[in-house]
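In my numbering, the protein residues as written are 1 to 661. Where is the CB? At the ideal position from N, CA and C, for every residue including glycine.
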């Protein structure tokens, strides 16, 4: 029987498929001239198929539905499902596909599922055909073959135009029968699936691509994506422990989340609420575009490889054109670690500024965003040449990838004003995050302009307005200082005599602890001889394999010192997500591979020889108020969670100053 929502959805399809424009451009549909004519009405077959698509197997409507026809990676009963509406000719989708692989690679396949839905925009001439080829591969060869095709399409050099022959060649390379796919294209075999995805997207008020949902939560940026995945996995596990069948968890969480999700950013009549808090965001010596006496200052934390940041750039340009000398833009670099080409791009812009000043900086800045996501060295060289730079010097600066005081200073400010995630903006100190609508930016600018004009009218000099506005602004609270005595003997990395000690409270079964490990590697590389990282065990009660793993690592330390411990640590984290990767047979295998005495190793685990040392670490954590993992005591400052490099650098630098080094 039809659910009320499914029936309402079917009623809306006729207008949806007529090609209604969205802010991302019109979407390709059954009415697209390049793909045959349409009656303009919904056929009974399409109506029935759409109804089926929005109804889960249990008969309960899923607001962001997933069907057996969708290309998917991961378990069908995963705790969190990422649904991406994408377009094979969209530059932002291409950039997202690269970052998404890295993010999802941090999770187990039984925890996170990735689902691809088609949303080809009409202005992209071959996007619909590429979508139909992809859907044909799903239908004939399954999801694994589709994702091979997906990677070939998005991995092509630059965003060169694609054609039918190229798509069929990629289909063959992905493992499909090109003749079967070609026949399906001619007969429009998979066209209805594309229409259903488009119709669903319009029903969800999708305006452009890429659009991402995690269990029904509309995602704005990559940091929000990671936070949502972590939260939803935890919520899903909690439901499972209460007896909710795992196959029902996605529908339940999606419907709960979607109802709570704010829709203001897509509603011109109801702009999103903006936090009234004013933050002390110093402009410093950062690149500035606009008049120094502008009453409105917008400080932008951004990333050249971020598709959401690219979307914001056009809106900021429009604001500058409309407001003229009333607005200035201050740029702060925030290259995300997941975007490999973001830092090289930022360094090129900095090289331009060093060579030829701010005008050259902004010229390169604009060229970088125009080129993004094409930011390979060859792209940067072309940009440097077109901008009239000394290409050899500029590229040498980029490739050296040395620490940069300007980018590091921006990183420190990110910590001070809690501006993690891009794009992240402050209008006269007031925070607005993500690729919001132009109206949202304009409304906030107008509010701050009125306040600034009132300040000037009351006697504040125009050039002093920004400083007057932010001087009493907020900054993020500093971590508390704690005193945690060091054990007499503990595994450590780094210099034994280092002045700055970082105590790492960790759990081998904790995914966040695993995520923190590359950052600790980077810390040690950045501060050779200055930092020592001491391991402290904190296996959590809910992680049944964590304590045996901790005992195994301690025995490796007992037998082979720091080297043995660190090698075991690496093996444990590498195999954390593997089924049975921390079970006793696996631990014994790791011991054998490391050349440990097997009998002594087994006895240590059987008799819990190292339990007292582990309990001592847990007691030390409790005394310091540490409740979760990972947690770090950085020269006395307590830093909780898998924080980025900039957080560690800030407190290491503070500790070095305090130590007189």
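Could you have a look at residue 494 and say whether DSSP puts it in helix, strand or coil? strand
Residues in its own chain within less than 7 Å of residue 385 by CB, not counting five upstream and five downstream? Closer than 7 Å at the Cβ level, and outside the excluded window around residue 385, lie 391.
Do residue 582 and residue 549 have their C-beta atoms within less than 8 Å of each other? yes
Can you tell me the Cβ-Cβ gap for residue 336 and residue 342, rounded? I've got them flagged as a contact below 8 Å. With a Cβ gap of about 6 Å, residue 336 and residue 342 count as contacting.
When you compare the CB positions of residue 608 and residue 554, do they come within less than 8 Å of one another, or not? no
Taking a contact to mean a Cβ-Cβ separation below 8 Å, would you say residue 449 touches residue 296 in this structure? yes
Use the C-beta contact count for residue 399: other C-beta atoms within 10 angstroms, 16 or more gives buried, fewer gives exposed. By the 10 Å Cβ count, residue 399 comes out exposed.
Just the C-alpha distance for residue 576 and residue 109, rounded to the nearest angstrom, thanks. 13 Å
Quick one: does the C-beta of residue 610 sit closer than 7 Å to a heavy atom of the ligand MG? Looking for the ligand MG in the displayed structure turns up nothing, as the structure carries no ligands at all.
Just the C-alpha distance for residue 477 and residue 418, rounded to the nearest angstrom, thanks. 9 Å
For residue 415, which residues from the same chain have a beta carbon less than 7 Å from its beta carbon, with the 5 sequence-adjacent residues on both sides left out? 476, 646, 647 and 650.
Based on Cα-Cα distance, which residue from 178, 152 and 275 lies nearest to residue 447? 275
Leaving aside the five residues before and after residue 587 along the sequence, list all residues of the same chain whose C-beta is less than 6 Å from its C-beta, in chain order. Result list for residue 587: 552, in chain order.
Helix or strand or just coil, what does DSSP make of residue 79? Collapsing the DSSP output to three states places residue 79 in coil.
Quick one: give me the first and last residue of the beta strand (DSSP E) that residue 150 is part of. Not the beta strand (DSSP E): residue 150 falls in the alpha helix (DSSP H), residues 143-154.
Residue 601 to residue 569, Cα distance in whole Å? 15 Å
Hey, which unbroken runs of the alpha helix (DSSP H) at 4 residues or more fall wholly within the stretch 460-512? 465-470
Less than 8 Å between the C-beta atoms of residue 359 and residue 389, yes or no? no
For residue 294, report the span of its beta strand (DSSP E) as first-last. First-last for residue 294: undefined, no H or E at that position.
Taking all protein chains shown into account, do 16 or more other C-beta atoms lie within 10 angstroms of the C-beta of residue 592, making it buried, or fewer, making it exposed? exposed
Neighbourhood of residue 197 by C-beta, 6 Å cutoff - its chain only, sequence neighbours within 5 removed: 117 and 118
Secondary structure at residue 639, three-state DSSP: helix, strand or coil? Of the three classes helix, strand and coil, the one that applies to residue 639 here is strand, per DSSP.
For residue 78, which option in 456, 215 and 176 has the closest C-alpha, if you only look at C-alpha atoms? Of all alpha-carbon atoms in 456, 215 and 176, the one lying nearest the alpha-carbon of residue 78 is that of 215.
So residue 257 and residue 217 are supposed to be a Cβ contact under 8 Å. How far apart are they, rounded? 5 Å
Tell me whether the beta-carbon of residue 566 lies closer than 8 Å to the beta-carbon of residue 493. yes
Check the C-beta distance from residue 479 over to residue 656 and give it rounded, since I have them as a contact under 8 Å. The beta-carbon separation of residue 479 and residue 656, rounded to 16 Å, does not stay under the 8 Å limit for a contact.
If you measure between the beta carbons of residue 630 and residue 510, is that distance less than 8 Å? yes
For residue 361, report the span of its beta strand (DSSP E) as first-last. Counting along the chain, residue 361 falls outside any beta strand (DSSP E), though it belongs to the alpha helix (DSSP H) covering 358-371.
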